[in-house]
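Q:
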Amino acid sequence: MLDALFFRNWLTATADAVDREAERLTELDSPIGDADHGSNLRRGFRAVAAVLEKETPDTPGAVLMLAGRQLISTVGGASGPLYGTLLRRTGKELGDAPEVGPARFAAALRTGVDAVAALGGAAPGDKTMLDALAPGIDALDDSLGTFAAAREAALQGALATTPLQARKGRASYLGERSIGHQDPGATSSALLFEALAETADGIGGASREGSRG
Amino acid sequence: MRMLINVAETVVADALRGIAAAHPELTVDVENRVIVRRDAPVEGKVALVSGGGSGHEPLHSGFVGPGMLSAALPGEVFTSPVPDQMVRAAAAVDSGAGVLFVVKNYTGDVLNFDMAAELAEDEGIQVAKVLVDDDVAVTDSLYTAGRRGTGGTLFVEKLAGAAADAGMPLERVEAVARRVNENTRSFGVALSACSTPAKGGPTFDLPSGELELGVGIHGEPGRERRPMMTSREVADFAVNAVLEDLAPHNPVLLLVNGMGGTPLLELYGFSAEIQRVLVERGVAVARTLVGNYVTSLDMAGASVTLCQVDEEMLRLWDAPVRTPALRWGC
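Line by line, the protein sequences give chains A and B. Under the UniProt record's numbering, the first residue of the first sequence is numbered 1, with each subsequent residue one higher. Under the UniProt record's numbering, the first residue of the second sequence is numbered 1, with each subsequent residue one higher.
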């Protein structure tokens with residue numbers, strides 16, 4: 001079972017991963033965007049890590065809702081509302097359960113991914129974050145919650161955006177010239193699944209023990 | 001890197017402190033990044049709120065004041081502001097007559113203003129939104145995020161601001177803003193990429209001797225790269241691109257806008273070429289504005305915006321305005 005601490009650890013691991021990869025995300029955002037994806041997400045996830053340390057919500061749903069609100073309030077651009085919505089809707093779906101199983105989490109995360117698609121009006125293949133989120137959540141469902149499979153699927157999804165022509169977001173203004181560049185949003189979305197797998201692998205196991213009692 | 005800054009993280013806050021010091025007629029909340037005209041809320045008048053990424057100055061902070069915006073919200077460089085800023089601003093300027101959000105059509109701006117509108121309405125503030133999408137370089141189709149909002153934003157903010165100042169109710173101010181947008185088209189060119197503070201260098205590689213046609217205002221490449229052209233050739237290309245989309249039967253307002261890195265000497269020369277093409281094409285110019293108004297940091301380049309006006313719109317353009325960057329008639 002996954003408890004509030006697991007989700008806090010996941011988001012902290014995401015903040016670390018974004019920190020680590022910020023320059024690469026900004027670099028990817030240079031040729032087809034405006035060269036700030038890494039710095040924007042870093043600002044947001046640092047704020048998430050800080051607020052989770054201060055407020056320590058005690059259910060998975062509350063952790064995700066708080067993190068989502070924080071992203072909306074600090075990131076700006078399109079990634080703020082989109083990532084914020086992903087976490088908020090996932091958290092809302094989990095309700096106030098003190099612990100959730102992987103299957104329930106996967107179902108909630110799918111609701112979150114669907115909300116992102118609705119908000120941005122995008123579909124897989126448009127060269128956006130959905131190109132990592134959709135295969136990630138599909139793999140999570142197929143593998144009955146194996147986070148490692150989701151990590152791999154999301155990563156492959158991000159890599160597969162390179163030959164695509166962007167149809168949403170700022171890269172879409174480039175038309176055919178957006179082809180040949182990996183999408184920064186899909187790349188950061190893959191980091192979310194990577195942090196999830198990391199959390200489940202090691203840190204997650206330890207934290208579950210630590211959170212009892 | 002040649003930038004007169006402290007560190008990239010504080011460029012927006014540092015600029016806001018400067019605006020506060022230079023313009024006592026504005027109230028500047030540096031921490032929350034909200035700039036409000038000092039006499040707001042103005043009793044019985046609709047309020048205009050706009051904002052977007054920083055790096056486009058004087059848009060929007062330079063357009064706050066009587067006759068134009070009630071409040072402006074700068075986001076991070078080239079990143080839209082967050083809903084919290086928008087709601088805070090709406091609450092500060094609403095007199096009960098409602099608030100019009102002027103939103104440039106970029107995914108981030110649209111999403112954040114949509115969220116803000118919902119939150120503001122929850123607080124009992126009547127909100128209307130108008131989307132500015134004047135850039136003809138982008139095909140408005142299923143395969144793009146839709147036309148960008150660029151130089152036309154100035155016309156929307158000025159004319160709608162004058163409408164609000166004249167005491168029109170929210171739905172009429174909104175209608176004026178929509179009418180301006182529907183009658184406005186722009187086209188931009190870049191002679192250099194711009195340098196963002198976060199990256200510390202050019203956002204894309206544009207060798208000297210080449211130019212980008214059809215750029216937006218975020219340092220992104222345009223729709224086509226060509227060998228360098230003369231001012232005359234660029235003027236022909238830009239005006240033709242605009243007129244392919246807008247065939248004015250009325251006089252137009254003309255904005256020849258610098259992207260931040262092109263001197264006025266060049267802009268005026270370019271403006272002369274634009275006027276020449278317009279005469280050749282039989283388009284009457286009612287008013288002309290030349291300068292750096294909707295910029296893209298230090299990008300060299302220019303954009304051309306035409307706004308077809310009827311008598312009411314021309315009156316609204318001529319109405320007094322008192323802001324840091326646009327000021328006449330008072």
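We put the CB at the ideal spot given by N, CA and C, even for glycine.
Within the same chain, show all residues whose beta-carbon is closer than 7 Å to that of Trp-10 (chain A), passing over the 5 residues directly before and after it, in chain order.
A: Position 10 of the first sequence, counting from 1, holds the residue named residue 10 (chain A). Within the same chain, Trp-10 (chain A) has close Cβ partners Ala-195, Leu-196 and Thr-199.
Q: May I have a chain-ordered list of the alpha helix (DSSP H) segments no shorter than 4 residues that lie completely inside the stretch 21-99 of chain B?
A: Taking only runs of at least 4 residues, the alpha helix (DSSP H) segments lying wholly in the stretch 21-99 of chain B are 83-93.
Q: Could you check the C-alpha separation between Gly-98 (chain B) and Ile-125 (chain B) for me, to the nearest Å?
A: By 1-based counting over the second sequence, the position of residue 98 (chain B) is 98. By 1-based counting over the second sequence, the position of residue 125 (chain B) is 125. Rounded to the nearest angstrom, the two C-alpha atoms are 6 Å apart.
Q: Would you report the Cα separation of Val-12 (chain B) and Val-34 (chain B), rounded to the nearest angstrom?
A: Counting from one through the second sequence, the residue named residue 12 (chain B) turns up at place 12. Counting from one through the second sequence, the residue named residue 34 (chain B) turns up at place 34. If you take the alpha carbons of Val-12 (chain B) and Val-34 (chain B), they lie about 11 Å apart.
Q: Are the stretch 52-60 of chain A and the stretch 39-59 of chain B in contact at 8 Å, needing three or more beta carbon pairs?
A: Flag = no, the stretch 52-60 of chain A and the stretch 39-59 of chain B do not touch.
Q: For Arg-327 (chain B), which residues in the same chain have their Cβ closer than 7 Å to its Cβ, ignoring the five residues on either side in sequence?
A: The residue given as residue 327 (chain B) occupies position 327 in the second sequence. So the qualifying residues of the chain are Val-321.
Q: Consider the Cβ of Ala-145 (chain B): report whether some Cβ of chain A lies at a distance smaller than 8 Å.
A: By 1-based counting over the second sequence, the position of residue 145 (chain B) is 145. Chain A contact via Cβ: present.
Q: Hey, could you find the ends of the beta strand (DSSP E) Glu-9 (chain B) is sitting in?
A: For the purposes of this step, residue 9 (chain B) is identified with residue 9 of the second sequence, where counting begins at 1. First-last for Glu-9 (chain B): undefined, no H or E at that position.
Q: From Arg-20 (chain A) to Asp-109 (chain B), what distance separates their C-alpha atoms?
A: Residue numbering aside, residue 20 (chain A) sits at position 20 when the first sequence is read from its first letter. Residue numbering aside, residue 109 (chain B) sits at position 109 when the second sequence is read from its first letter. Using only the alpha carbons, I get a separation of about 27 Å.
Q: May I ask you to report which of helix, strand or coil DSSP gives Gly-205 (chain A)?
A: Residue numbering aside, residue 205 (chain A) sits at position 205 when the first sequence is read from its first letter. Bear in mind that the predicted position of Gly-205 (chain A) carries a pLDDT of just 44, short of 50, making it too unreliable to give a figure here.
Q: Going by DSSP in three states, Gly-18 (chain B) sits in which element: helix, strand or coil?
A: Stepping through the second sequence from its first residue, residue 18 (chain B) is reached at position 18. In this structure, Gly-18 (chain B) counts as helix in the three-state DSSP scheme.
Q: Checking 8 Å against the spacing of the C-beta atoms, do Gly-151 (chain B) and Ser-192 (chain B) come in under that value?
A: Position 151 of the second sequence holds residue 151 (chain B). Position 192 of the second sequence holds residue 192 (chain B). Result no, Cβ atoms of Gly-151 (chain B) and Ser-192 (chain B) do not sit closer than 8 Å.
Q: What span of residues does the beta strand (DSSP E) with Val-110 (chain B) cover, start to end?
A: Reading the second sequence from its first residue, position 110 is the one you call residue 110 (chain B). Unbroken run through Val-110 (chain B) is the alpha helix (DSSP H), 107-122; no beta strand (DSSP E).
Q: Enumerate in chain order the residues of its own chain whose CB-to-CB distance from Val-180 (chain B) is below 8 Å, with the five nearest sequence positions on each side excluded.
A: Counted from its first residue, the second sequence places residue 180 (chain B) at position 180. The answer, listed in chain order, is Gly-152, Phe-155, Val-156, Leu-159, Ala-160, Cys-307 and Met-313.
Q: Do Leu-155 (chain A) and Ala-190 (chain A) have their beta-carbon atoms positioned less than 8 Å apart in this structure?
A: Here the question's residue 190 (chain A) lines up with position 190 in the first sequence. Here the question's residue 155 (chain A) lines up with position 155 in the first sequence. Their beta carbons are under 8 Å apart, which means Ala-190 (chain A) touches Leu-155 (chain A) by this criterion.
Q: With a cut-off of 8 Å on the beta carbons, I'd call Leu-94 (chain A) and Ala-67 (chain A) a contact; round off their distance for me.
A: Start at 1 with the first residue of the first sequence, and residue 94 (chain A) comes out as number 94. Start at 1 with the first residue of the first sequence, and residue 67 (chain A) comes out as number 67. Contact doesn't hold; Cβ gap of about 12 Å is too wide.
Q: Count the other CB atoms within 10 Å of the CB of Ile-19 (chain B); is the residue buried (16 or more) or exposed (fewer)?
A: Indexing the second sequence from 1 puts residue 19 (chain B) at position 19. The residue is buried, with at least 16 neighbouring Cβ atoms inside 10 Å.
Q: Between Met-68 (chain B) and Ala-162 (chain B), what straight-line distance do the alpha-carbon atoms span, to the nearest angstrom?
A: Walking along the second sequence from the start, residue 68 (chain B) turns up at place 68. Walking along the second sequence from the start, residue 162 (chain B) turns up at place 162. Cα to Cα, the separation comes out at about 6 Å.
Q: Cys-330 (chain B): buried (16+ other C-beta within 10 angstroms of its C-beta) or exposed?
A: Residue 330 (chain B) sits at position 330 when you count from the first residue of the second sequence. Label assigned to Cys-330 (chain B): exposed.
Q: In this structure, does DSSP put Ala-198 (chain B) in helix, strand or coil?
A: On the second sequence, position 198 is the one that residue 198 (chain B) refers to. In the structure shown, Ala-198 (chain B) sits in coil (DSSP, three-state: anything other than H, G, I, E or B).
Q: Along chain A, in chain order, which residues have C-beta atoms closer than 7 Å to that of Ala-198 (chain B)?
A: Here residue 198 (chain B) is taken as the residue at index 198 of the second sequence, counted from 1. Those within 7 Å of Ala-198 (chain B) in chain A are Thr-26, Ala-35, Asp-36 and Ser-39.
Q: What do you get for Ala-206 (chain A), buried or exposed, if any count of 16 or more other CB atoms within 10 angstroms of its CB means buried?
A: Taking the first residue of the first sequence as 1, we reach residue 206 (chain A) at position 206. The predicted model places Ala-206 (chain A) with a pLDDT of 43, which falls under 50 and marks its position as unreliable, so this point remains unresolved.
Q: Answer yes or no: do Gln-83 (chain B) and Ile-72 (chain A) have a C-beta to C-beta separation smaller than 8 Å?
A: Position 83 of the second sequence, counted from the start, is the residue given in the question as residue 83 (chain B). Position 72 of the first sequence, counted from the start, is the residue given in the question as residue 72 (chain A). Note on residue identity: the sequence assigns Pro, not Gln, to residue 83 (chain B). Yes, the Cβ-Cβ distance between Pro-83 (chain B) and Ile-72 (chain A) is below 8 Å.
Q: With 16 other CB atoms within 10 Å as the buried threshold, where does Tyr-293 (chain B) fall?
A: Walking along the second sequence from the start, residue 293 (chain B) turns up at place 293. The residue is buried, with at least 16 neighbouring Cβ atoms inside 10 Å.
Q: My output table needs one value for Asn-181 (chain B): the three-state DSSP class, helix, strand or coil.
A: Walking along the second sequence from the start, residue 181 (chain B) turns up at place 181. Asn-181 (chain B) falls in the helix class under three-state DSSP.
Q: Given this structure, state the Cα-to-Cα distance separating Ile-5 (chain B) from Leu-28 (chain A), to the nearest angstrom.
A: As a working note, residue 5 (chain B) is residue 5 in the second sequence. As a working note, residue 28 (chain A) is residue 28 in the first sequence. Their backbone Cα atoms lie some 25 Å apart in a straight line.
Q: Taking the C-alpha atoms as reference points, what is the distance between Val-132 (chain B) and Ala-15 (chain A)?
A: The count along the second sequence starts at 1 and reaches residue 132 (chain B) at position 132. The count along the first sequence starts at 1 and reaches residue 15 (chain A) at position 15. Taking the straight line from one Cα to the other gives about 35 Å.
Q: Would you mind working out which of A:Gly-169, A:Leu-25 and A:Val-63 sits nearest Gly-125 (chain A), comparing C-alpha positions?
A: The residue you call residue 125 (chain A) lines up with position 125 of the first sequence. The shortest C-alpha separation from Gly-125 (chain A) is found at A:Gly-169.
Q: I'd like to check one pair, Leu-213 (chain B) with Val-242 (chain B): are the Cβ atoms closer than 8 Å?
A: To locate residue 242 (chain B), count along the second sequence from 1; it is residue 242. To locate residue 213 (chain B), count along the second sequence from 1; it is residue 213. In this structure, Leu-213 (chain B) does not lie closer than 8 Å to Val-242 (chain B) by Cβ.
Q: In this structure, what does DSSP give as the bridge partners for Val-283 (chain B)?
A: As a working mapping, residue 283 (chain B) is identified with position 283 in the second sequence. Answer by DSSP bridge pairing: none, since Val-283 (chain B) is not bridged.
Q: Check distances from the C-beta atoms of the stretch 205-229 of chain B to those of chain A and list, in chain order, the residues that come in under 7 Å.
A: Listed by position, the residues of the stretch 205-229 of chain B near chain A (Cβ gap below 7 Å) are Gly-216, His-218, Gly-219, Glu-220, Pro-221 and Arg-223.
Q: By the 7 Å beta-carbon criterion, what residues does the stretch 161-184 of chain A contribute toward chain B?
A: The residues in question are Arg-167, Lys-168, Gly-169, Arg-170, Ser-172, Tyr-173, Leu-174, Gly-175 and Arg-177.
Q: Where Val-42 (chain B) and Gly-167 (chain B) are concerned, what is the direct C-alpha to C-alpha distance, given to the nearest angstrom?
A: Here residue 42 (chain B) refers to the residue found at position 42 when the second sequence is read from its first residue. Here residue 167 (chain B) refers to the residue found at position 167 when the second sequence is read from its first residue. Rounded to whole angstroms, Val-42 (chain B) to Gly-167 (chain B) spans 10 Å at the Cα level.
Q: Let me make sure I understand the geometry here. Which of B:Gly-96, B:Gln-85, B:Val-279 and B:Val-36 has the alpha-carbon closest to that of Ser-70 (chain B)?
A: Numbered from its first residue, the second sequence carries residue 70 (chain B) at position 70. Closest by alpha carbon: B:Val-36.
Q: Taking Cβ-Cβ distances shorter than 8 Å, what residues in chain A pair up with Arg-148 (chain B)?
A: On the second sequence, position 148 is the one that residue 148 (chain B) refers to. The answer, in chain order, is Tyr-173.
Q: Do you know offhand how far Ala-62 (chain A)'s Cα is from Leu-267 (chain B)'s?
A: Along the first sequence, one-based indexing puts residue 62 (chain A) at 62. Along the second sequence, one-based indexing puts residue 267 (chain B) at 267. Those two C-alpha atoms are separated by around 55 Å.
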